[in-house]
Each structure stands twice: as C-alpha cells, then as structure tokens.
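Down below is the structure, laid out as structure tokens.
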Amino acid sequence: MLVAAGTPGVTVQRVLSVYGYDDAPHGHAQIKFENVRVPASNMVLGEGRGFEIIQGRLGPGRIHHAMRSIGAAEKAMDWMLARVNDETKKPFGKKLNEHGVILEWIAKSRLEIDAARLIVLNAALKIDESNAKGALKEIAEAKVMVPSMALTVIDRAVQSYGGAGVCQDTPLANMWAQIRTLRIADGPDEVHLQQMGMNENKRGKEVTAKLNWQKEEGLRLLRESGVAQKSRL
Ligand SMILES: Cc1cc2nc3c(=O)[nH]c(=O)nc-3n(C[C@H](O)[C@H](O)[C@H](O)COP(=O)(O)OP(=O)(O)OC[C@H]3O[C@@H](n4cnc5c(N)ncnc54)[C@H](O)[C@@H]3O)c2cc1C
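Counting in the working numbering, the sequence shown runs from 84 upward without gaps.
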C-alpha cells in the first residue's frame, strides 16, 4: 500500500542511526501510522499479495547490495595500498609494504575480492538465463559471502591506518558500518545459510547411496581380479 509522507496520521517519530552514524535523510525512520486513510487505488499488485512484491524486490536488491559491497572492498583496498606505500610511515625503519604481514593482507584481499566478484557474476548470469526466482541459490551465495568478504577487507584497511582508520579521516569506518548492515538487511545471514544448508542437504541420501555403490563396486572388482583386500592400516 503506497502512503504519501504527508498523509494525515503518518508521524515520523525519529530517524535511526547506523552504528551511531546519522543516516538521514536517505536512511530509515521509526514511523507511526494512526488511522491513516488512502484510496484503494494505492494498493500495489493486489490484496494479500504483499509478500510477492517483497520477494520480487529482494532478489535483485540482494545482488545489487553484493555488487556495491565489491565496490566498497575495492575502494578499501585502494585506501590500504595508499597507506602502506606512504613514504613517511616507516615503523622499524621499513615502509608498511615491506612488512610481510601487510603483503599478505594485500594478497588475501585481492584474492577474496576476485573470488567474490565471480560469485556475483555467476548469480548475474543465472538471473540472465532465467530470472531472480530461478537464481535463488546463486543470489543467496552472493548475498551471504560478499558483505562478509568486504568487511574483512575494510577491516584490514582500517588496521593499516591505525587510529586514523577508526575516525573520520578516512571513509573506512563509515564504510564498515554501512556494509555491516548488509549481513542483517534483506534477511540475516543465518536465514539464508539455513535455507542453503537445507537445500544442499537434500542430496544426503543420494550421495550416501553413491558412496556405498562405489564401495561395493570396488570390492566386486577386487574379488573378480582375485586380489585380497588389505587393511589400510
Ligand atoms: C540498515 C538496514 C536497512 C534495512 N532496509 C530495509 C528495507 O529497505 N526494506 C525492508 O523491508 N527491510 C529493511 N531492513 C530490515 C531487515 O530486512 C531486517 O532487519 C532483517 O530481515 C532482520 O529482521 P529483524 O531486524 O526483525 O531481526 P530478527 O528477525 O529479530 O533477527 C535477529 C537475529 O536473529 C537471528 N535469526 C533470525 N532468524 C533466524 C533463523 N531462522 N535462524 C537462525 N537465526 C536467526 C539472526 O542472527 C538475526 O540477525 C533493513 C535493516 C537494516 C539494518
């Protein structure tokens, strides 16, 4: 149901912060609806079909969040590289990029961003082949994996800046707070993982039968060849 902001009975009680950051005006608010009246034509799709609308929006929304998370991770990586190449920052006489652990952060970040980018691409291809409904699994994979990856990369960048990383001198602290919400928004990670786990687990009986068949077949071939089975130990 579409309700115009100025409709009588609609009160914006307060705007909500994100990890203490002011998120207004594009963020979210606590809104009270009291005896609000709108014309029946304001109904979208039809009575009892709200869930359909939500589901229709969520798939594309989730992959969009994953794409933005890739962008945030790349940006964090840029900031980290700038920091560790800073000629004026030389703990123990060496630039940060000459300390092995920092190179490892850079390598892992590149690896994780590139892997996550492929997960998103895979979901996008699947949507193109069918539609968002046909790509539920692939979208869920991207939705769960990419924000967590981005948080790890941003966190390494924060660490490379020390105290400057957690204050307003870089965009990193704010970026971390924004991306953190994506592990909750559009369904928390746990719910997606539970669904993915249940779906994957459906193969349980089938793979057990396959493994048993492989075992029996192996024994049969040994018997046929006249080879006695030996204990692996
Ligand atoms: C910044 C932000 C923006 C948002 N934007 C929108 C928006 O634009 N539109 C919109 O409709 N909604 C939006 N949301 C709402 C969002 O979809 C919900 O916050 C989210 O679905 C989780 O619901 P909840 O907050 O009621 O938490 P709850 O349902 O109370 O869940 C709390 C926690 O319980 C655990 N949990 C819940 N269910 C399970 C389960 N089945 N198995 C195991 N653990 C579980 C999880 O750890 C979860 O984080 C937004 C949320 C945030 C934080």
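We put the CB at the ideal spot given by N, CA and C, even for glycine.
DSSP places Ala190 inside the alpha helix (DSSP H), whose first and last residues are 183-212.
Cβ neighbours of Ala107 within its own chain (closer than 6 Å, five residues either side excluded): Val98. Going by DSSP, Ala112 is part of the beta strand (DSSP E) stretching over 112-116. Our two residues, Ala223 and Ile114, have alpha carbons roughly 30 Å apart in a direct line. By the neighbour-count definition (other C-beta atoms within 10 Å, threshold 16), Gln96 is an exposed residue. Three or more beta-carbon pairs separated by less than 8 Å are not found between the segment 234-253 and the segment 285-297, which leaves the two stretches without contact.
For ligand 1, no non-hydrogen atom lies closer than 7 Å to the CB of Ile262. Remark: fewer than three beta-carbon pairs, one from each stretch, lie closer than 8 Å, so the segment 194-208 and the segment 252-263 are not flagged as touching. Going by DSSP, Val310 is part of no beta strand (DSSP E) at all; its letter is neither H nor E. Gly133 has its Cβ no nearer than 7 Å to any heavy atom of ligand 1. Secondary structure at Thr235: helix, using DSSP grouped into helix, strand and coil. In the structure shown, Gln251 falls within a coil segment according to DSSP collapsed to helix, strand and coil. The closest heavy atom of ligand 1 lies 7 Å or more from the beta carbon of His182.
Taking a contact as a CB-CB distance under 8 Å, the pair Met228 and Ile196 does not count as one, their CB atoms being some 11 Å apart.
A residue is called buried once 16 or more other Cβ atoms fall within 10 Å of its Cβ, and Val167 is buried on that count. For Arg145, the uninterrupted alpha helix (DSSP H) segment begins and ends at 133-167.
Straight through space, the alpha carbons of Lys178 and Trp162 are spaced by roughly 15 Å. The beta carbon of Glu273 sits closer than 7 Å to at least one heavy atom of ligand 1. With fewer than 16 other CB atoms across the displayed protein chains lying within 10 angstroms of its CB, Tyr104 is exposed. Per the C-alpha coordinates, the member of Leu219, Leu186, Ala225 positioned closest to Ala199 is Ala225. Nearest Cα to Asp169 within the set Gly309, Tyr244, Glu135: Tyr244. Residue burial is scored here from C-beta neighbours: Gln138 has fewer than 16 other C-beta atoms within 10 angstroms and is therefore classed as exposed.
DSSP lists Gln113 as the bridge partner or partners of Arg97.
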